[in-house]
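*Asks:*
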Amino acid sequence: MGFAPDEDMIMMVTAGSRGIRRAFIGFFLLWMALAVRAEDEVARFQLEKITVTGAREAAGRIVAAETLLRAGESYGEAELAQAVARVQRLPFVLAAEFSLRKGGARGTYELVIEVEEARRFFFDHTVRGTWLAQPLDLDDSVTFDEESVAVSLPGLIGLRRFIGRSGVVFAGLDSAEGLQLGFTRYDLFGRGVVVSAGVSGLLADICCAEEVLPFSLDPSFVSWTWEDAARYSVELGVPLNRTDALRLGASRRTGEGGSRRELFGTRFRFLDGFVDAAPGSDLTLDRAELKWGRDTSDDPLLPHRGSTLSAGLEWTSFTTGALQRKRLANLFTPEPLPAQEAEQLAAVISGRHHWAVTPRQTVSALGRLSVGRASLHNLPTEDGVLAREELDTFAASLGARHAVRLRRERGAQGFGDVLLESTVEVGFESTTPDLQPSRAPNPLERLEISTGLVFRNAWGRLRFVATYLDLGEVLR
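Residue numbers (this note's numbering): 626 to 1101.
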């Protein structure tokens, strides 16, 4: 005897889901309207010369080009501040300040940009503890009393070197990606265009790469592991003005297929039957995006004021070779499954805005909205495979951040920052129709609360973060 919901119940659930969507859209659009504002300029300064101090010759050329300013032109104070903010966002710049000196001719000025350059060697390391409101099938989690704790230690150490007039090469060792190599060329064609390319591959003593698939590509909410994986990426940025740019990016992760893990599943997956790649099968995850972006923030790592907005298209594709399902009764004769394919095209808008409450404190609002269309082929389920499905996809999130600078060192004593930052964010992802292929709910809702200490010096950044994460039916 089965249970069948009546029509009134279906209408109530559908109305509730639509209400959540409308609320997210309304709050997001209201925040976007408040975040974008016009700035009036009064005084203008004609630049006779642009001088960069405190940086090596190659870095100085990149800094001067990144301002997008030209000698002989007139600029307002806000435009000069935005130019220095662009310099501040360069990965090898710790701090940048500008001043104006009188030029040789009447009514002209020399713009002096004083730069504090980062060290050639750099690091970025995080110690994160996550309290999970429900048990999730994660390798780095420990479960007790229906809750889980996960500890992760992502880290990167690297070296950068300037080559040519405006090129930077870098090499790094990442705890998740392995060895990384990359190249960035600034001021391409003398137009401020930036192009970068990179490759990363796992070292022999690091087992495998793991990545959670977007919910729209597999509503079972799964992660896949890659063995002998490599990741390739390329990015092109074309400035439209001093705050806006057009960005095109693409990446591919490919390698021999490993195991598929349903995060809402059980650790003893072979009791229910689990899916992994057949011997010799490959996995490929492709991403591409074309976006307009506006960035007026004053610091890429520790922003104090300004906005970061973007809007455009994101395309994602996931393909596998032949798959297989293993159960306790057929561990040595697994059931063959066809190759899986999934593809999504989505329109996305996202942004952050930072308000300086006091000289030491900042409050930020953040949000993201995504609407798309996904096509799934041979999606594995507990009952077999779904041969073909077309889905409408929707995702939204809203959040707030508070940061207080506990310590700041500049000048002869060195460079350093200590920051306490806290973030709360709610969001959800959903597909229509609801395929109900697994234990994962649809929509998949999320509540994340985190707080942490951030230490930054001339060599890099160290973070200690504690996070509470609740997934499932959070907003109902």
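Built from N, CA and C at the ideal position, the CB exists for glycine as well. Here the structure is a predicted model, which is why all the values come from computation and not from measurement.
Give the list of continuous alpha helix (DSSP H) stretches no shorter than 4 residues that lie fully inside the region 783-823.
*Replies:* Within the region 783-823, no complete alpha helix (DSSP H) run reaches 4 residues.
*Asks:* Going by DSSP, which residues form a beta bridge with N955?
*Replies:* Against the sequence shown, residue 955 aligns to sequence position 330. N955 pairs with nothing; no bridge assigned.
*Asks:* So, is V677 buried or exposed, given that buried needs 16 or more other C-beta atoms within 10 angstroms?
*Replies:* As a position in the sequence shown, residue 677 is number 52, starting the count at 1. The residue is buried, with at least 16 neighbouring Cβ atoms inside 10 Å.
*Asks:* Spatial neighbours of V737 within its chain, please: C-beta separation below 7 Å, excluding the five flanking residues on both sides.
*Replies:* Residue mapping note: residue 737 aligns to position 112 of the sequence shown, counting from 1. Around V737: T676, T678, F723, S724, R726.
*Asks:* Exposed or buried, D1008, counting other C-beta atoms within 10 Å across all chains shown (16 or more means buried)?
*Replies:* Taking the first residue of the sequence shown as 1, we reach residue 1008 at position 383. Exposed, since its Cβ has fewer than 16 Cβ neighbours within 10 Å.
*Asks:* DSSP has V996 in a bridge; who is on the other side?
*Replies:* Translated into the one-based positions of the sequence shown, residue 996 becomes position 371. Per DSSP, A972, F1019.
*Asks:* Taking the C-alpha atoms as reference points, what is the distance between G882 and A913?
*Replies:* Looking up residue 882 in the sequence shown gives position 257. Looking up residue 913 in the sequence shown gives position 288. Cα to Cα, G882 sits roughly 22 Å from A913.
*Asks:* Is the beta carbon of L693 sitting closer than 8 Å to the one on G817?
*Replies:* In the sequence shown, residue 693 corresponds to position 68, counting from 1. In the sequence shown, residue 817 corresponds to position 192, counting from 1. It is a contact, given that the beta carbons lie within the stated cut-off.
*Asks:* Rank L715, S935, R1081, A1091 by C-alpha distance to the C-alpha of S791 and give the top, closest one.
*Replies:* Here residue 791 refers to the residue found at position 166 when the sequence shown is read from its first residue. Looking at the Cα atoms, L715 is the closest of the given residues.
*Asks:* L842 and A903 - do their beta-carbons sit closer together than 8 Å?
*Replies:* Position 278 of the sequence shown holds residue 903. Position 217 of the sequence shown holds residue 842. Cβ distance not < 8 Å, so A903 and L842 don't count as in contact.
*Asks:* Exposed or buried, what is R1033 when buried is set at 16 or more other beta-carbons lying within 10 Å of its beta-carbon?
*Replies:* Here residue 1033 is taken as the residue at index 408 of the sequence shown, counted from 1. Exposed, since its Cβ has fewer than 16 Cβ neighbours within 10 Å.
*Asks:* Whose C-beta lies closer than 6 Å to the C-beta of S935 among residues of the same chain, with five residues either side of it excluded?
*Replies:* Here residue 935 refers to the residue found at position 310 when the sequence shown is read from its first residue. Around S935: K916, G918, S975.
*Asks:* Tell me the DSSP secondary structure of A758 in three-state form.
*Replies:* For the purposes of this step, residue 758 is identified with residue 133 of the sequence shown, where counting begins at 1. Of the three classes helix, strand and coil, the one that applies to A758 here is coil, per DSSP.
*Asks:* Using CA coordinates, which residue listed in Y1093, T1056, R1030, S995 is at the minimum distance from S773?
*Replies:* One-based indexing of the sequence shown puts residue 773 at position 148. Selected option, being the one with the closest Cα: Y1093.
*Asks:* Among E704, F1053, L1004, which one has its Cα closest to the Cα of S1022?
*Replies:* One-based indexing of the sequence shown puts residue 1022 at position 397. Minimum Cα distance to S1022 is reached at F1053.
*Asks:* Is the region 955-964 touching the region 987-998 in the sense that three or more CB pairs, one from each, lie closer than 8 Å?
*Replies:* no
*Asks:* Going by Cα to Cα distance, which pick from L1078, D1059, S1075, G1077 is closest to L1069?
*Replies:* Position 444 of the sequence shown, counting from 1, holds the residue named residue 1069. Answer by Cα proximity: D1059.
*Asks:* Is Q965 helix, strand or coil when you go by DSSP?
*Replies:* Within the sequence shown, numbered from 1, the residue matching residue 965 stands at position 340. Note: Q965 maps to coil in three-state DSSP.
*Asks:* Whole angstroms are fine: how far does the CA of D1042 sit from the CA of G685?
*Replies:* Position 60 of the sequence shown, counting from 1, holds the residue named residue 685. Position 417 of the sequence shown, counting from 1, holds the residue named residue 1042. Going from the Cα of G685 to the Cα of D1042 covers about 24 Å.
*Asks:* Measuring alpha carbon to alpha carbon, tell me which residue in L705, R930, G697 is nearest E1166.
*Replies:* Given a span of 626 to 1101 for the chain in the structure shown, any question on residue 1166 remains unanswerable.
*Asks:* For F846, does the count of other Cβ atoms within 10 angstroms reach 16, so buried, or fall short, so exposed?
*Replies:* Walking along the sequence shown from the start, residue 846 turns up at place 221. It counts as buried.
*Asks:* So, using beta-carbon positions, are D923 and Q713 closer together than 8 Å?
*Replies:* The residue you call residue 923 lines up with position 298 of the sequence shown. The residue you call residue 713 lines up with position 88 of the sequence shown. Against a cut-off of 8 Å, the Cβ pair of Q713 and D923 comes out as a contact.
*Asks:* Quick check on D665: does DSSP put it in helix, strand or coil?
*Replies:* Sequence index remark: in the sequence shown, residue 665 carries index 40 (1-based). Unreliable positioning characterises D665 in this predicted model, as indicated by a pLDDT of 42, which lies under 50. The coordinate reading is nonetheless provided below. D665 falls in the coil class under three-state DSSP.
*Asks:* Where do the N-terminal and C-terminal ends of the alpha helix (DSSP H) with A947 fall, by residue?
*Replies:* Here residue 947 refers to the residue found at position 322 when the sequence shown is read from its first residue. It is not in any alpha helix (DSSP H) - A947 carries neither H nor E in the DSSP assignment.
*Asks:* Closer than 7 Å by C-beta to P925: which residues in its own chain qualify, once you throw out the five before and the five after it? Chain order, please.
*Replies:* What you label residue 925 is simply residue 300 of the sequence shown in a count that begins at 1. These residues qualify, in order along the chain: R714.
*Asks:* Relative to the C-alpha of R745, which residue among T733, G1085, R1064, V819 is closest?
*Replies:* To locate residue 745, count along the sequence shown from 1; it is residue 120. The shortest C-alpha separation from R745 is found at G1085.
*Asks:* Is it buried or exposed, W851, if we count other Cβ atoms within 10 angstroms and call 16 or more buried?
*Replies:* Residue 851 sits at position 226 when you count from the first residue of the sequence shown. Per the 10 Å Cβ criterion, buried.
*Asks:* Can you name, in chain order, every residue of its own chain whose Cβ lies under 7 Å from the Cβ of F628, other than the five neighbours on each side?
*Replies:* Along the sequence shown, read from residue 1 onward, the residue named residue 628 stands at position 3. Residue placement at F628 is flagged as unreliable, the pLDDT there being 38, under the threshold of 50; the coordinate-derived value follows with that caveat. Within the same chain, F628 has no close Cβ partners at all.
*Asks:* Just how far apart, CA to CA, sit E1073 and A1091?
*Replies:* For the purposes of this step, residue 1073 is taken as residue 448 along the sequence shown, with counting starting at 1. For the purposes of this step, residue 1091 is taken as residue 466 along the sequence shown, with counting starting at 1. Counting only the Cα atoms, A1091 lies some 11 Å from E1073.
*Asks:* Where does L1031 fall in DSSP's three states?
*Replies:* Locating residue 1031 in the sequence shown gives position 406, counting from the first residue. Note: L1031 maps to strand in three-state DSSP.
*Asks:* Please state whether DSSP places Q1038 in a helix, a strand or coil.
*Replies:* Residue mapping note: residue 1038 aligns to position 413 of the sequence shown, counting from 1. It is helical.
*Asks:* Leaving out the 5 sequence neighbours to the left and right, which residues in its chain are closer than 7 Å to T933 when beta-carbon positions are compared?
*Replies:* The count along the sequence shown starts at 1 and reaches residue 933 at position 308. Result list for T933: D920, S922, G976, R977, in chain order.
*Asks:* On the CB-based measure, 16 or more other CB atoms within 10 Å of its CB, does Q969 come out buried or exposed?
*Replies:* Along the sequence shown, one-based indexing puts residue 969 at 344. Per the 10 Å Cβ criterion, buried.
*Asks:* Considering only DSSP beta bridges, list what A1082 is partnered with.
*Replies:* The count along the sequence shown starts at 1 and reaches residue 1082 at position 457. The amino acid at residue 1082 is misidentified as Ala; the sequence shows Asn. Beta-bridge pairing links N1082 to G1041.
*Asks:* State yes or no: is the beta carbon of P984 nearer than 8 Å to at least one beta carbon in chain D?
*Replies:* Judged by its chain identifiers, the structure shown contains no chain D, having just a single protein chain.
*Asks:* Give me the DSSP bridge partner(s) of Q713.
*Replies:* If you number the sequence shown from 1, residue 713 lands on position 88. Partner(s): none; Q713 has no beta bridge.
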